[in-house]
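Read through the structure below, which is laid out as structure tokens, and then see the notes.
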């Protein structure tokens with residue numbers, strides 16, 4: 216730790232490590248030094264002149280955002296001279312800033328408003344005409360209103376340093392400076408919207424949120440994004456049962472304020488016009504027709520009961536998006552009530568072999584915090600910035616702040632290569648061949664995190680862990696998976712071979728492929744998955760039940776379709792790719808839909824299994840999970856506000872799983888399986904990019 | 325985009341001055357001398373320079389937008405620059421600039437219809453000791469009087485090259 220320096224701010228004697236900036240030292244001790252351009256985590260700009268302070272024996276006022284504390288330094292932050300300087304700075308900033316606060320998106324949560332209210336002057340001496348520049352649309356999600364811009368350059372740094380994209384720049388000089396997009400009049404970027412969030416004023420606005428509401432009219436509900444497996448917390452702004460926006464300005468959760476285009480905008484699938492809001496039952500004419508919940512549930516329960524009674528064959532496919540509670544409840548119902556082990560989900564990463572291979576080694580599972588804190592990273596077979604934007608963001612920040620060493624072994628060019636100490640190109644499934652030449656460099660690192668995609672599976676995972684073990688340094692691992700609860704689906708036993716907690720089921724059962732290939736299925740029950748998107752059932756006319764939000768290819772083939780609630784419409788927990796359990800919180804309700812947990816519970820009740828299944832309350836089911844799945848015995852308060860990592864096994868996994876079943880969809884920034892197809896914003900971004 | 329062999333050679337010299345990973349240091353000289361041949365900072369030119377120094381076109385535009393001597397539309401064959409910064413201002417620079425405006429019928433960064441003459445009010449050109457100063461292309465005129473300015477501008481308007489206007493000698497720097 217750096218030496219402590221003693222200094223004084225506003226008469227209070229303080230200490231801070233050498234190199235600490237005055238603005239940070241003040242903030243840590245509860246003294247506010249106002250600023251616009253200073254932003255923790257990004258490079259220093261010293262552009263706004265708002266943070267001026269007086270320092271004894273220095274002739275002029277100093278900018279606190281670039282001044283490190285010095286021994287014996289005496290700083291004053293609130294003298295008449297400073298107050299006048301702040302007033303002057305704000306007068307300049309307002310010189311060209313339109314006072315359209317009553318209609319501005321930022322009104323009510325604008326840093327310039329707050330600063331003027333607190334430190335500003337009531338009058339302006341400027342009589343000059345304001346310079347007007349017309350508003351520009353740079354992409355489906357980013358609009359720029361130049362006159363509102365106060366030129367703090369936060370957006371430029373967030374895009375360049377935070378995202379590694381560099382799509383924003385500053386052109387011209389002085390009062391006519393403008394923020395400019397990389398393609399002259401539009402953006403070619405990740406469309407993450409970080410520039411909009413970080414803007415202290417309303418200069419950058421969001422295509423979906425602009426002019427829609429006032430911030431104080433919304434309720435803010437913190438929940439977990441339902442798209443990829445990174446598990447970012449997104450705070451949804453909700454008004455009149457409508458989600459108006461997603462952001463995470465309070466920096467809560469594992470992701471701080473980071474969100475990608477999906478977390479920030481792609482919640483919009485929930486009120487897509489094609490959203491199912493009433494159950495449907497296939498009539499005698501062979502057409503799906505709307506039915507009441509009681510009728511639809513009755514049909515399902517009756518048919519399931521018949522099939523079970525005659526010892527018929529079930530095939531059950533669960534989802535990568537449903538909650539741990541729903542997945543646990545589903546497999547319990549399947550195994551204990553329907554008496555089948557034919558239950559599976561789409562496997563997108565070989566987590567099972569990893570947790571098995573780690574048994575008895577010094578290796579651990581990596582947390583998302585590790586990605587910011589550990590010293591070295593080996594990324595194998597994944598385009599991290601595109602497939603796992605938050606994990607990539609963490610490593611990028613780590614590189615920026617701690618010069619982390621990044622090693623990549625990928626088939627194609629990836630963004631991480633720009634900051635990598637070694638970047639090796641190897642075709643998929645041959646990545647392993649590159650490891651020997653990295654051995655010496657990796658062994659010299661103090662610690663290492665290995666992230667690998669779906670090209671490393673089965674035996675390769677064991678070889679990888681053995682390789683990590685042989686380096687003689689602490690190594691942690693992350694098996695990259697696709698969706699918000701892909702990891703939870705495995706932990707909860709949505710596979711024929713494994714029960715919750717990776718215990719061997721001991722009973723043979725069909726996996727998804729085998730269910731599709733079987734010619735003697737009596738019932739095919741699909742919860743939030745689309746196995747018939749590009750495949751057909753080999754059984755002629757089994758009884759098909761589908762729980763989904765949309766009439767997917769699978770739902771179109773169903774005999775009964777039950778409209779389910781989205782992740783934003785229910786409570787429960789999900790487990791991200793790093794094994795961190797977090798809580799979903801219901802933000803809105805969609806008329807006519809029910810959470811999958813309730814639907815399963817109602818089917819069970821209708822069949823007379825209610826006592827056996829217990830109530831379909833997320834907290835009750837989670838209590839069962841705590842007992843059944845090792846590592847999930849975590850206190851609820853720990854995940855009420857945050858996340859807690861779980862290590863789901865202690866010892867070997869009871870059974871070998873077939874690595875051939877593992878295949879990632881390699882979703883990019885703008886795709887997200889079925890959900891992505893129903894997101895207007897993701898589609899409009901894809902369309903815009905295709906047209907250019 | 326192609327350049328003359330002379331300019332290519334010059335670009336080579338600029339680039340050779342800096343380490344391989346600091347090629348962007350050659351950006352400003354390449355822009356300013358490239359502008360003389362290309363006529364102005366065109367989009368095509370921006371793309372080409374960006375490629376050569378290894379930055380994004382946006383980064384080139386950030387630089388070209390900042391420096392007022394880099395023009396985004398062609399200036400005249402003779403670009404008359406009058407300084408109105410402090411030393412020149414105190415010694416009549418602003419009057420010289422206004423005089424030039426009237427005489428040429430041009431404003432800031434405007435070009436005569438025949439494309440021969442353009443005018444610019446410029447910031448300090450480092451000739452404070454000899455204020456007020458005027459620059460035509462790369463040639464300096466020191467301690468310029470209104471009469472001298474008239475002669476220069478009348479000469480240019482009459483179709484003369486600055487070298488032929490012998491009454492007002494340029495300074496050999």
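Protein chains in written order, with our numbering: chain X, 216 to 907; chain A, 325 to 497. Backbone N, C-alpha and C fix where the C-beta goes; we use that ideal spot for every residue, glycine too.
Any C-beta of chain A under 8 Å from that of residue i
{"i": "residue 311 (chain X)", "result": "no"}
Pick from the options that is closest to residue i, judged by C-alpha positions
{"i": "residue 612 (chain X)", "options": "X:624, X:625, X:589 and X:629", "result": "X:589"}
{"i": "residue 670 (chain X)", "options": "X:433, X:422, X:373 and X:881", "result": "X:881"}
{"i": "residue 400 (chain X)", "options": "A:420, A:385, A:440 and A:493", "result": "A:385"}
{"i": "residue 834 (chain X)", "options": "X:487, X:457, X:544 and X:246", "result": "X:544"}
{"i": "residue 577 (chain X)", "options": "X:557, X:504 and X:664", "result": "X:664"}
{"i": "residue 373 (chain X)", "options": "X:363, X:404, X:386 and X:392", "result": "X:404"}
{"i": "residue 516 (chain X)", "options": "X:553, X:376 and X:241", "result": "X:553"}
{"i": "residue 433 (chain A)", "options": "A:328, A:397 and A:342", "result": "A:397"}
{"i": "residue 322 (chain X)", "options": "X:247, X:365 and X:430", "result": "X:430"}
{"i": "residue 406 (chain A)", "options": "A:330, A:423 and A:446", "result": "A:446"}
{"i": "residue 732 (chain X)", "options": "X:747, X:878, X:227 and X:508", "result": "X:747"}
{"i": "residue 889 (chain X)", "options": "X:800, X:540 and X:441", "result": "X:441"}
{"i": "residue 399 (chain A)", "options": "A:347, A:443, A:426 and A:379", "result": "A:443"}
{"i": "residue 540 (chain X)", "options": "X:768, X:240, X:704 and X:618", "result": "X:704"}
{"i": "residue 662 (chain X)", "options": "X:637, X:907, X:688 and X:649", "result": "X:688"}
{"i": "residue 586 (chain X)", "options": "X:462, X:738, X:278 and X:621", "result": "X:621"}
{"i": "residue 725 (chain X)", "options": "X:712, X:315 and X:719", "result": "X:712"}
{"i": "residue 694 (chain X)", "options": "X:573, X:326, X:362 and X:628", "result": "X:573"}
{"i": "residue 265 (chain X)", "options": "X:307, X:244, X:226 and X:257", "result": "X:307"}
{"i": "residue 230 (chain X)", "options": "X:290, X:253 and X:254", "result": "X:290"}
{"i": "residue 696 (chain X)", "options": "X:443, X:467, X:841 and X:524", "result": "X:443"}
{"i": "residue 757 (chain X)", "options": "X:377, X:420 and X:531", "result": "X:531"}
{"i": "residue 494 (chain X)", "options": "X:787, X:762, X:734 and X:716", "result": "X:762"}
{"i": "residue 518 (chain X)", "options": "X:737, X:723 and X:753", "result": "X:737"}
Any C-beta of chain X under 8 Å from that of residue i
{"i": "residue 444 (chain A)", "result": "no"}
{"i": "residue 423 (chain A)", "result": "no"}
DSSP state of residue i mapped onto helix, strand, coil
{"i": "residue 535 (chain X)", "result": "coil"}
{"i": "residue 451 (chain A)", "result": "coil"}
{"i": "residue 815 (chain X)", "result": "helix"}
{"i": "residue 727 (chain X)", "result": "helix"}
{"i": "residue 916 (chain X)", "result": "Missing from the structure shown is residue 916 (chain X); chain X here goes from 216 to 907 and no further."}
{"i": "residue 559 (chain X)", "result": "strand"}
{"i": "residue 310 (chain X)", "result": "helix"}
{"i": "residue 429 (chain A)", "result": "coil"}
{"i": "residue 443 (chain X)", "result": "strand"}
{"i": "residue 870 (chain X)", "result": "coil"}
{"i": "residue 617 (chain X)", "result": "helix"}
{"i": "residue 481 (chain A)", "result": "helix"}
{"i": "residue 395 (chain X)", "result": "strand"}
{"i": "residue 383 (chain A)", "result": "helix"}
Residue i CB to nearest heavy atom of the ligand ADP below 7 Å
{"i": "residue 344 (chain X)", "result": "Absence of the ligand ADP from the depicted structure is noted, as is the absence of any ligand whatsoever, leaving it without description."}
Within the chosen definition, does the region 819-830 of chain X reach the region 473-481 of chain X through at least 3 CB pairs nearer than 8 Å?
no
Taking contact to mean 3 or more Cβ pairs, one atom from each stretch, closer than 8 Å, check whether the region 668-684 of chain X and the region 636-655 of chain X are in contact.
yes
Taking three-plus beta-carbon pairs below 8 Å as touching, is the region 556-563 of chain X in contact with the region 525-536 of chain X?
yes
Give the residues from the region 367-401 of chain X that approach chain A closer than 7 Å (Cβ to any Cβ), ordered along the chain.
381, 384, 385, 386, 387, 388, 395 and 397
Just by C-beta distance, which residues in the region 472-488 of chain A are closer than 9 Å to chain X?
none
Counting beta carbon pairs with one atom in the region 835-847 of chain X and one in the region 688-704 of chain X, are three or more of them shorter than 8 Å?
no
At a CB distance below 7 Å, what residues from the region 371-401 of chain A approach chain X? Give them in sequence order.
380, 382, 383, 385, 386, 389 and 390
So, do the region 388-398 of chain X and the region 261-274 of chain X have three or more beta carbon pairs nearer to each other than 8 Å?
no
Evaluate the contact criterion for the region 339-356 of chain A versus the region 375-394 of chain A: three or more CB pairs, one atom per stretch, below 8 Å.
yes
Would you say the region 620-639 of chain X touches the region 502-511 of chain X, given that touching needs at least three Cβ pairs under 8 Å?
no
If we count Cβ pairs, one from each stretch, closer than 8 Å, do we get three or more for the region 355-372 of chain X versus the region 311-322 of chain X?
yes
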